[in-house]
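Peer 1: Residue numbers (the numbering used here): 2 to 498. For every residue, glycine included, the Cβ atom is placed at its ideal position computed from N, Cα and C. Predicted model, so just to flag it, every value in this text is computed and none were measured.
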Amino acid sequence: MTKRIMIQGTMSGVGKSLLTAALCRIFRQDGLRPAPFKSQNMALNSYITRDGLEMGRAQVVQAAAAGLEPDVRMNPVLLKPSSDTGSQVIVLGEVRGDYAARDYFARKKALIPEILTAYDSLAAEYSPMVIEGAGSPAEINLKQDDIVNMGLAELVDAPVLLVGDIDRGGVFAQLVGTVELLEPRERARIAGLVINKFRGDPALLAGGLEMLKERTGIPVLGVIPYLSLDLDDEDSLAPRLQETRQTAPVDIAVIRLPRISNFTDFAPLERHPALGVRYVTDPGQLASPDLIVLPGTKSTAEDLLWLRQNGLERAVCRRAGEGTPVLGVCGGYQMLGTVLRDPKGIERGGTLVGMGLLPCETEFAAEKRRARVTATAAAGPFAGARLEGYEIHMGRTDRKDGAPFCVLSDGREEGTALETVFGTYLHGLFDTGEAVDRLASWLLARKGLEGTGVLSETHGEYQSRQLDQLAAAVRAHLDLPAVYRILDQWEERDHGV
Numbered sequence: 002m003t004k005r006i007m008i009q010g011t012m013s014g015v016g017k018s019l020l021t022a023a024l025c026r027i028f029r030q031d032g033l034r035p036a037p038f039k040s041q042n043m044a045l046n047s048y049i050t051r052d053g054l055e056m057g058r059a060q061v062v063q064a065a066a067a068g069l070e071p072d073v074r075m076n077p078v079l080l081k082p083s084s085d086t087g088s089q090v091i092v093l094g095e096v097r098g099d100y101a102a103r104d105y106f107a108r109k110k111a112l113i114p115e116i117l118t119a120y121d122s123l124a125a126e127y128s129p130m131v132i133e134g135a136g137s138p139a140e141i142n143l144k145q146d147d148i149v150n151m152g153l154a155e156l157v158d159a160p161v162l163l164v165g166d167i168d169r170g171g172v173f174a175q176l177v178g179t180v181e182l183l184e185p186r187e188r189a190r191i192a193g194l195v196i197n198k199f200r201g202d203p204a205l206l207a208g209g210l211e212m213l214k215e216r217t218g219i220p221v222l223g224v225i226p227y228l229s230l231d232l233d234d235e236d237s238l239a240p241r242l243q244e245t246r247q248t249a250p251v252d253i254a255v256i257r258l259p260r261i262s263n264f265t266d267f268a269p270l271e272r273h274p275a276l277g278v279r280y281v282t283d284p285g286q287l288a289s290p291d292l293i294v295l296p297g298t299k300s301t302a303e304d305l306l307w308l309r310q311n312g313l314e315r316a317v318c319r320r321a322g323e324g325t326p327v328l329g330v331c332g333g334y335q336m337l338g339t340v341l342r343d344p345k346g347i348e349r350g351g352t353l354v355g356m357g358l359l360p361c362e363t364e365f366a367a368e369k370r371r372a373r374v375t376a377t378a379a380a381g382p383f384a385g386a387r388l389e390g391y392e393i394h395m396g397r398t399d400r401k402d403g404a405p406f407c408v409l410s411d412g413r414e415e416g417t418a419l420e421t422v423f424g425t426y427l428h429g430l431f432d433t434g435e436a437v438d439r440l441a442s443w444l445l446a447r448k449g450l451e452g453t454g455v456l457s458e459t460h461g462e463y464q465s466r467q468l469d470q471l472a473a474a475v476r477a478h479l480d481l482p483a484v485y486r487i488l489d490q491w492e493e494r495d496h497g498v
């Protein structure tokens, strides 16, 4: 068996994904060939691989940390919530169906053979495997059918590092309580504890760390400081989605839809020195921005109704009528059209009137389009920009008037543009940086201002620098010799040493 180690946490949001990415980067820097793995991920931020398959964004970041092309084997099961009690289930990159939570939990153990096949094939090519858990292993109501925490650790016989988040408070109770709720055989797998997101002098924790070891019998292998890094987030807990305003000459308001997806599309905008990006949820916050963005969503119809009910649709249409530019991406593009038809009940069924800002019509279909594309922007301020992105949507939008937003590399026209309103299905349209610079220059000129800076690197290059910073910080604060000993000791067990 290959070397492997698993990162589990006391709860969601403690930093499992980042620590997994850090170890992937560190192992790669140290001359190894690591690969990330998460058997089941729940996220609305997804990605399309080169072979047209869908996987979670966090594993894409981890793959980049390991210097690998994203591979659906790294995330064999992806759950994309479509409501409070149901999700679209994607297995090895393909839609398996939409399930209520109760139905999925009754079936998920049947996915174990596919999960193990994905893991084993990756483990045959890479070492060490860096495995990420989900939520907490101490969710006692879910442990019986667990396929992502201790259940998976037992299936692949992996040692575990347990991570707690001190920034939320109560980290000692988190760690001790989690260990206490585990079965003896599960506790035996925990090779080390890690405290994450610490602000202050680590010396102040010394007594507490000793007590942790005494109470659990498990050593503390590191206290990782709170890191201000800018890596792609996987869910709506992301700090960038908080309703704050960045000070900059240009004000961009992104509508924070209830089921917002792939908001990482707008990370390059946030890095441009002239652009201030903020996320809004009600008409009072909208004010008078220089650009309004309608992002992607897992449930276009429901989120359009939410816009309609809380008054944001009326506010956006009023601003658009006054000349404020509007950009819609994927589900946001569908909303901007005149009508949304759902004859097969893919979302909610029936027909819904759109916002009417673009001359296009959408009809939902059962088949999901998943494709990586390259294109050249053709509309307004974006014209001439080289685009590299991907499409993930269930439905087709037909342009009835106006101009295309871009032209794909195969010559097909995509999207719709009419005066200062633009719509496209392309996620990642700002990743090359060219569309960002053109948009910034245009918005500045509309305000009578001169250009202020340009993006000097692509989104991928920027993310790579962030990963190097992450690895350096974790290397400085985690007992890596102990981590390597854990890897070696578990491998020796495999061989009966």
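Less than 8 Å between the CB atoms is what I'm expecting for L176 and L156, so what's the real figure, rounded?
Peer 2: For the purposes of this step, residue 176 is identified with residue 175 of the sequence shown, where counting begins at 1. For the purposes of this step, residue 156 is identified with residue 155 of the sequence shown, where counting begins at 1. Wrong, their Cβ atoms sit about 24 Å apart, outside the cutoff.
Peer 1: Using three-state DSSP, classify G346 as helix, strand or coil.
Peer 2: On the sequence shown, residue 346 is found 345 positions in, with the first residue counted as 1. G346 falls in the coil class under three-state DSSP.
Peer 1: Measure the C-alpha to C-alpha separation of L238 and E133 and round it to an integer number of angstroms.
Peer 2: Residue mapping note: residue 238 aligns to position 237 of the sequence shown, counting from 1. Residue mapping note: residue 133 aligns to position 132 of the sequence shown, counting from 1. Residue confidence is low: L238 scores 48 on pLDDT, short of 50, so the model does not pin down where it sits. Its coordinate-derived value is still stated next. Near 18 Å, if we compare the C-alpha coordinates of E133 and L238.
Peer 1: Since R272 and S300 should fall inside the 8 Å C-beta cutoff, what is the C-beta to C-beta distance between them, to a whole number of angstroms?
Peer 2: Along the sequence shown, read from residue 1 onward, the residue named residue 272 stands at position 271. Along the sequence shown, read from residue 1 onward, the residue named residue 300 stands at position 299. Rounded, the Cβ-Cβ distance is 29 Å, inconsistent with contact.
Peer 1: Look at D399 and E362 and say whether their C-beta atoms are less than 8 Å apart.
Peer 2: Reading the sequence shown from its first residue, position 398 is the one you call residue 399. Reading the sequence shown from its first residue, position 361 is the one you call residue 362. For D399 and E362, yes; Cβs fall inside 8 Å.
Peer 1: For the region 169 to 240, which segments carrying the beta strand (DSSP E) assignment without a break, of at least 3 residues, lie completely within its bounds, in sequence order?
Peer 2: Listed in chain order, they are 191 to 199, 221 to 226.
Peer 1: If we count the other Cβ atoms within 10 Å of its Cβ and call it buried at 16 or more, is G57 buried or exposed?
Peer 2: Locating residue 57 in the sequence shown gives position 56, where the first residue counts as 1. Flag for G57 reads buried.
Peer 1: Compare the C-alpha of L409 against each of P284, L79, A386 and name the closest.
Peer 2: By 1-based counting over the sequence shown, the position of residue 409 is 408. Residue A386 is the option with its Cα nearest to L409.
Peer 1: Restricting to Cα atoms, I'd like to know which of K81, G355, L183, G218 is closest to P138.
Peer 2: Residue 138 sits at position 137 when you count from the first residue of the sequence shown. Closest by alpha carbon: L183.
Peer 1: With which residues is F264 paired in a DSSP beta bridge?
Peer 2: Taking the first residue of the sequence shown as position 1, residue 264 is located at position 263. Note: F264 sits in no beta bridge, so no partner.
Peer 1: Looking at the unbroken alpha helix (DSSP H) that takes in M151, where does it start and where does it end?
Peer 2: Taking the first residue of the sequence shown as 1, we reach residue 151 at position 150. 151 to 157 is the extent of the alpha helix (DSSP H) around M151.
Peer 1: Among the residues of its own chain, which have a CB less than 7 Å from the CB of Q470, if the five just before and after it don't count?
Peer 2: As a first step, residue 470 is located in the sequence shown; it is residue number 469 there, counting from the start. The residues are L230.
Peer 1: Quick check: A501 and G403, are their CB atoms within less than 8 Å of each other?
Peer 2: The structure shown does not extend to residue 501, since the chain is modelled only from 2 through 498, so no value can be given for it.
Peer 1: Could you tell me whether the Cβ atoms of H460 and C331 are closer together than 8 Å?
Peer 2: Reading the sequence shown from its first residue, position 459 is the one you call residue 460. Reading the sequence shown from its first residue, position 330 is the one you call residue 331. It is not a contact, given that the beta carbons lie outside the stated cut-off.
Peer 1: Identify whether P284 lies in helix, strand or coil by the three-state DSSP scheme.
Peer 2: Your numbering for residue 284 matches position 283 in the sequence shown. Note: P284 maps to helix in three-state DSSP.
Peer 1: Which full runs of the beta strand (DSSP E) of 3+ residues lie inside the region 73 to 103, going along the chain?
Peer 2: Fully enclosed beta strand (DSSP E) runs of 3 or longer: 78 to 82, 87 to 92, 95 to 101.
Peer 1: To the nearest angstrom, report how far apart M212 and G218 are at their CA atoms.
Peer 2: Here residue 212 corresponds to residue number 211 of the sequence shown, with the count starting at 1. Here residue 218 corresponds to residue number 217 of the sequence shown, with the count starting at 1. Each residue's alpha carbon lies about 9 Å from the other.
Peer 1: Taking the CB atoms as reference points, tell me whether A254 and V281 lie closer together than 8 Å.
Peer 2: Along the sequence shown, read from residue 1 onward, the residue named residue 254 stands at position 253. Along the sequence shown, read from residue 1 onward, the residue named residue 281 stands at position 280. Cβ atoms of A254 and V281: closer than 8 Å.
Peer 1: Out of A275, V475, Y105, which one is the CA nearest neighbour of S88?
Peer 2: The sequence position of residue 88 within the sequence shown is 87, counting from 1. Measuring from the Cα of S88, the nearest candidate turns out to be Y105.
Peer 1: Under a Cβ-count criterion, where at least 16 other Cβ atoms within 10 Å of its own Cβ denotes burial, should V354 be classed as buried or exposed?
Peer 2: Taking the first residue of the sequence shown as 1, we reach residue 354 at position 353. By the neighbour-count rule (16 or more Cβ atoms within 10 Å), V354 is not buried but exposed.
Peer 1: Using only alpha-carbon positions, find the residue among Y463, L341, D146 that is nearest to R108.
Peer 2: Counting from 1 along the sequence shown, the entry for residue 108 is found at position 107. That would be D146, whose Cα lies nearest to the Cα of R108.
Peer 1: Specify, as a first and last residue, the run of the alpha helix (DSSP H) that E314 falls within.
Peer 2: The residue labelled residue 314 in the question sits at position 313 within the sequence shown. E314 -> alpha helix (DSSP H) spans 313 to 322.
Peer 1: For A288 and W443, I'd like the C-alpha separation in whole angstroms.
Peer 2: Numbered from 1 along the sequence shown, position 287 holds the residue referred to as residue 288. Numbered from 1 along the sequence shown, position 442 holds the residue referred to as residue 443. Approximately 20 Å between the Cα atoms of the pair.
Peer 1: How is H428 classed by DSSP in three states: helix, strand or coil?
Peer 2: As a first step, residue 428 is located in the sequence shown; it is residue number 427 there, counting from the start. Note: H428 maps to strand in three-state DSSP.
Peer 1: Do M395 and F365 come within 8 Å of each other at the CB atom, strictly closer than that value?
Peer 2: One-based indexing of the sequence shown puts residue 365 at position 364. One-based indexing of the sequence shown puts residue 395 at position 394. Yes, Cβ-Cβ distance for F365 and M395 is below 8 Å.
Peer 1: Inspect the beta-carbon positions of L295 and G329 and report whether they are closer than 8 Å.
Peer 2: On the sequence shown, position 294 is the one that residue 295 refers to. On the sequence shown, position 328 is the one that residue 329 refers to. Yes.
Peer 1: Express the C-alpha separation of E314 and L308 in angstroms, rounding to a whole number.
Peer 2: Against the sequence shown, residue 308 aligns to sequence position 307. Against the sequence shown, residue 314 aligns to sequence position 313. Going by the C-alpha atoms only, they are around 5 Å apart.
Peer 1: Tell me whether M12 sits in a helix, a strand or coil according to DSSP, three-state version.
Peer 2: What you label residue 12 is simply residue 11 of the sequence shown in a count that begins at 1. Here M12 sits in coil by DSSP.
Peer 1: Go to A67, then tell me how far its alpha helix (DSSP H) extends in each direction, as first and last residue.
Peer 2: Position 66 of the sequence shown, counted from the first residue, corresponds to residue 67. Note, A67: premise wrong, no alpha helix (DSSP H); not H, not E.
Peer 1: Measure from the alpha carbon of P220 to the alpha carbon of each residue in A207, L228, P226, then state which is nearest.
Peer 2: If you number the sequence shown from 1, residue 220 lands on position 219. For the residues A207, L228, P226, the minimum Cα distance to P220 belongs to A207.
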